[in-house]
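Chains as they are written, first to last, in this note's numbering: chain A, 395 to 733; chain B, 93 to 225. Ideal placement from N, C-alpha and C gives every residue a C-beta, glycine not left out. The structure appears right after this line, and notes come after that.
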Amino acid sequence: MPLRYGSETAEHQAVRHAAGLFDLSHMGEIRLTGPGAGAALDYALTGYLSTLRPGRARYTMICAPDGGVLDDLVVYRQGEQEFLVIANAANTAVVYGELRSRSAGYDAAVSDATADYALIAIQGPAAAGILGPLVSMDLGAMKYYTGAFGDVAGRPAWVARTGYTGEDGFEVFGQPPDAVHVWEALASAGASAGLLPAGLAARDTLRLEAGMPLYGNELGPDLTPFEAGLGRVVRFDKPGDFVGRPALAARASAGPRRELVGLTLRSRRVARHGYPVFADGIQAGTVTSGAPSPTLGQPIAMAYLTAGTGASNAVLTVGIRGETVPAQLTELPFYSRSR
Amino acid sequence: MSIPAELRYTQEHEWVSVEGTLASVGITEYAAQQLGDVVYVSLPSVGSAVTAGEPCGEVESVKSVSDLYSPVDGEVTEVNTELDDDPSLVNAEPYTAGWMFRVRVAQDGHGDAALPPDLLSAAEYEELTKSAG
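Here's what the structure looks like:
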């Protein structure tokens, strides 16, 4: 996936107002099959995946025994005994290794299926209209966070209504030899609607506006899901033990040490990853992601601050290469689509 | 990618156009493409002194921020205020409407602009961009 095909701002706006086409084939896919696959995932992940119905998707996480986040994941249940786990590219080896070892006591087979899939995402308000005529299934009946097997441009694929942009959209998991054919069919079908191929730069500004965390920025092994405000992915209500349960329970009852907040700047200068955030002049945290928001027309950022800073009414500023720039606390997400 | 033959260049991807002792400065098309969409350009103030090879401003793009270096020694006489309203000119027309600032350069013994000896020709700059991949 390139950083950009042309202008990343034009690619971003295409996704917000028409559609964008993303080559996400670098993402990792790990397959779990067998009668014990659901129970294995219940033990290995924070979610309650055995209750997921076939054809459904769920956002979840895999944590270390100390509660630190090893990756955030989307899990599809493709059949009664078939699950597909989508991992960030840089974490695929770790996730695969952990899923293998954590599944050892279960009647489940784990395989790294990354090379079996080419992943193409079509995202934006025009996505359903562009993809619909090219697929064998009824996209109108496909709800958000569901998926189905079918044909796309005549080639077999798993199609899911999921994405990472804050817009309606679909992800097409096809076979690598079909990828160019499917890409070209979608690009040509979408051209008149304003579809553009979109790169990593647009993907990052889209997910940031939508308040979605990026592993390595807002999530990492030194953070639990609670710091990121995503404690809901930890399902203490599921039966039995799961990796990280005691540490996560302790964190849940003690409360997070840090809080993830949204910041908006009235400035031309952009707060970027690693810049310090001050509350009443004293450093209270660090920017994790920042960019000029194409939708809002001003710089936005996410930052980890000492817990309680947001509610303290302290005056927040960001240090931008020697300059102190006022920042306004902004509820996440910065952007949500009208439904 | 365009590298106009009549301009001089720096290792830091600025271009210089010299008329008499007045040097106009901008960043190259290669630099603009590497940066991506430019959202803000911070320029030296008119009347300030700039030094060749020293940072004198910043170019902020969607993905990154980079120092802007002066290619020459002298005094800033003019800055491109159009960039304040439309920084995308740097991407669209890096060698013309996207120019950044002008510098009055000192004269050498012949009355010509005294330019640093290490400015690159178009051919040399093209080699640089090729070796940078």
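Here the alpha carbons of T689/A and Q407/A stand approximately 8 Å from one another. Contact of Y161/B with chain A is not assigned, every C-beta pair being separated by 8 Å or more. Under the DSSP assignment, T680/A falls outside any alpha helix (DSSP H), being part of the beta strand (DSSP E) whose first and last residues are I676 to S687. Looking at the backbone, the Cα of E170/B and that of G691/A are separated by about 28 Å. Where I119/B is concerned, the enclosing beta strand (DSSP E) starts and stops at L114 to I119. The segment 182-200 of chain B makes contact with the segment 104-122 of chain B; the number of CB pairs closer than 8 Å reaches 3 or more. For R601/A, the uninterrupted alpha helix (DSSP H) run begins and ends at L594 to E603, by DSSP. Close to Y122/B, with beta-carbon spacing below 7 Å, lies no residue of chain A; the smallest spacing is near 15 Å. Residue range V157 to Y161 is occupied by the beta strand (DSSP E) that includes S158/B.
Between G128/B and A595/A, the gap from beta carbon to beta carbon is short of 8 Å. Residues of the segment 133-155 of chain B with a C-beta atom less than 7 Å from some C-beta of chain A are E152, V154 and K155, listed in chain order. Within the DSSP bridge table, the entry for L613/A names Y609/A as partners. For D178/B, the nearest beta carbon of chain A is not closer than 8 Å to its own beta carbon. The distance from the Cβ of V142/B to that of G118/B is about 14 Å, inconsistent with a contact at the 8 Å cut-off.
When Cβ-Cβ separations below 8 Å define contact, L397/A makes contact with chain B. In this structure T454/A is in contact with L439/A, their Cβ atoms being roughly 5 Å apart against a cut-off of 8 Å.
Judged by DSSP in its simplified three-state form, P640/A adopts helix. The C-beta of V131/B comes closer than 8 Å to at least one C-beta of chain A.
Taking a Cβ-Cβ threshold of 7 Å, the residues of chain B close to T599/A are V154, in chain order. In terms of beta-carbon proximity, G128/B lines the interface with chain A, with at least one pair separated by less than 8 Å.
Contact between the segment 507-521 of chain A and the segment 576-588 of chain A is present: 3 or more CB-CB pairs across the two stretches fall below 8 Å. Counting only runs that start and end inside the segment 156-210 of chain B, the beta strand (DSSP E) elements of at least 3 residues fall at 157-161, 166-171 and 193-196. Here the segment 458-474 of chain A makes no contact with the segment 399-417 of chain A; the two share fewer than three CB pairs at distances below 8 Å. Just so you know, the alpha carbons of Y470/A and G593/A end up roughly 24 Å apart. Between Q475/A and G541/A, the C-beta spacing is not below 8 Å. Below the 8 Å Cβ cutoff, chain B contributes V131, Y132, E152 and V157 as neighbours of V664/A, in chain order.
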